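According to UniProt numbering, the sequence shown is numbered sequentially starting from 1.
A virtual CB, placed ideally from N, CA and C, is assigned to each residue, including glycine.
A quick note: this is a predicted structure, and the numbers were derived from the prediction, not measured.
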Amino acid sequence: MTLMVVDRTYEYGLQSLMQKLKDIEQIEWDGDGINKKDRVRFTTQHKIRAAISKKENMLDSWGDSMEVEQKLLSSIFKGEHYFAICSKTQFESTDFDTSALNTAILRNGGQIIPTWIKKESLGKFEKKCYAITQNGERSYCSQYDTLLRNFQVAGILMVPVTPTWINACLKMNAMFNPAHSRILFQSHPWKVRSLPRSTSGSQDGFTVSVTGFLDASRYGIIDVLEQIGATYTDNLRRTNTHLICKEAQGMKYSKAVEWGIHVVLVEFLYHVMQHGYEDGLEAKFSL
């Protein structure tokens with residue numbers, strides 16, 4: 001199994017350095033009479049050339065070199081696991097911290113693949129790869145479309161997964177099949193909706209606990225709750241507004257009923273993710 005995450009940080013850094021070098025080279029100066037300003041310019045030029053050379057070497061060995069530079073926290077993604085973070089465009093930010101995601105992947109044994117990888121270089125990958133993209137971005141992410149086309153030509157299946165899947169793998173301290181819960185771990189064409197904000201601009205009124213989920217979906221549910229603006233509590237309190245329950249049993253369930261807390265199925269969360277929240281929605285998904 002091979003993993004992908006599409007990142008363009010190194011490409012943009014290289015382009016920036018090359019533009020700076022071009023700007024310096026466009027300034028004419030006499031090498032025979034080097035004054036202080038010229039010496040600074042000359043030194044800067046050589047520093048930029050050295051930086052370009054270093055980045056080009058890094059791109060040539062992007063996987064191994066970047067893995068070595070990071071102190072490993074675990075070997076969850078160790079081995080032939082490659083990642084690529086697919087963002088909207090060069091200028092638009094995503095709903096997740098790509099830098100933090102890169103660091104988490106590298107420090108847990110994974111390797112980063114640049115988005116602009118050529119079709120000719122795809123022979124080293126296995127027949128199944130994963131591209132990390134946020135919900136709602138696949139339909140207009142040029143990086144994703146390019147990767148998908150190149151992978152299709154190479155006969156490689158590219159499975160889109162969300163940052164929630166990476167977070168759940170880290171919490172589980174193991175990789176697992178994202179198809180375990182497609183709505184949580186595999187990206188969709190629709191964008192995840194946030195909970196409504198109060199008149200003060202804050203997202204309050206949704207304090208949620210979870211019970212009955214003992215597998216990876218528990219971490220996925222918690223991650224999505226925090227994503228949409230809810231407050232998650234591990235312990236159930238009287239101040240909780242909702243309890244997401246797998247079955248109508250257990251201590252949390254009994255106390256939630258006693259305290260008048262909304263007890264809902266996980267489908268309540270799935271509905272909010274896709275369509276948003278409206279008053280009285282709890283009745284539709286009440287357990």
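Let me know if residue i comes out buried or exposed under the rule of 16 or more other beta-carbons within 10 Å of its beta-carbon.
i: histidine 242; result: buried
i: asparagine 108; result: buried
i: serine 187; result: buried
i: serine 99; result: exposed
i: lysine 71; result: exposed
i: alanine 248; result: exposed
i: glycine 280; result: exposed
i: asparagine 177; result: exposed
i: methionine 251; result: exposed
i: histidine 262; result: buried
i: threonine 162; result: buried
i: serine 209; result: buried
i: leucine 157; result: exposed
i: alanine 230; result: buried
How many whole angstroms separate the CB atoms of residue i and residue j, which I take to be in contact at a CB cut-off of 8 Å?
i: leucine 170; j: valine 272; result: At roughly 24 Å, the Cβ-Cβ gap does not stay under 8 Å, so leucine 170 and valine 272 are not in contact.
i: valine 257; j: serine 286; result: 11 Å between Cβ atoms; not a contact.
i: valine 224; j: threonine 164; result: 6 Å
i: valine 192; j: isoleucine 228; result: 6 Å
i: leucine 106; j: alanine 131; result: About 17 Å; that fails the 8 Å criterion.
Taking a contact to mean a Cβ-Cβ separation below 9 Å, would you say residue i touches residue j in this structure?
i: alanine 283; j: alanine 216; result: no
i: threonine 211; j: leucine 236; result: yes
i: phenylalanine 77; j: glycine 110; result: yes
i: cysteine 129; j: valine 159; result: yes
i: asparagine 173; j: threonine 207; result: no
i: glycine 155; j: serine 181; result: no
i: lysine 246; j: phenylalanine 213; result: yes
Quick one: grab the DSSP three-state call for residue i.
i: glutamine 111; result: strand
i: phenylalanine 285; result: coil
i: proline 163; result: helix
i: glycine 262; result: Before going further, note that residue 262 is histidine rather than glycine in the sequence given. Three-state DSSP puts histidine 262 in a strand.
i: tyrosine 253; result: helix
i: alanine 104; result: helix
i: valine 224; result: helix
i: isoleucine 132; result: strand
i: histidine 242; result: strand
i: serine 181; result: helix
i: alanine 248; result: coil
i: leucine 157; result: strand
i: threonine 233; result: coil
i: valine 192; result: coil
i: serine 75; result: coil
i: serine 209; result: strand
i: residue 291; result: Because the chain in this structure spans residues 1 to 287, residue 291 falls outside the shown range and cannot be described.
i: threonine 9; result: For threonine 9, the predicted structure reports a pLDDT of 42, less than 50, and the residue's modelled location is therefore unreliable. A value from the coordinates is still provided. Three-state DSSP puts threonine 9 in a helix.
i: serine 187; result: coil
i: arginine 149; result: helix
Less than 8 Å separating the Cβ of residue i from some heavy atom of the ligand MN?
i: phenylalanine 213; result: This structure lacks the ligand MN, and indeed carries no ligand of any kind.
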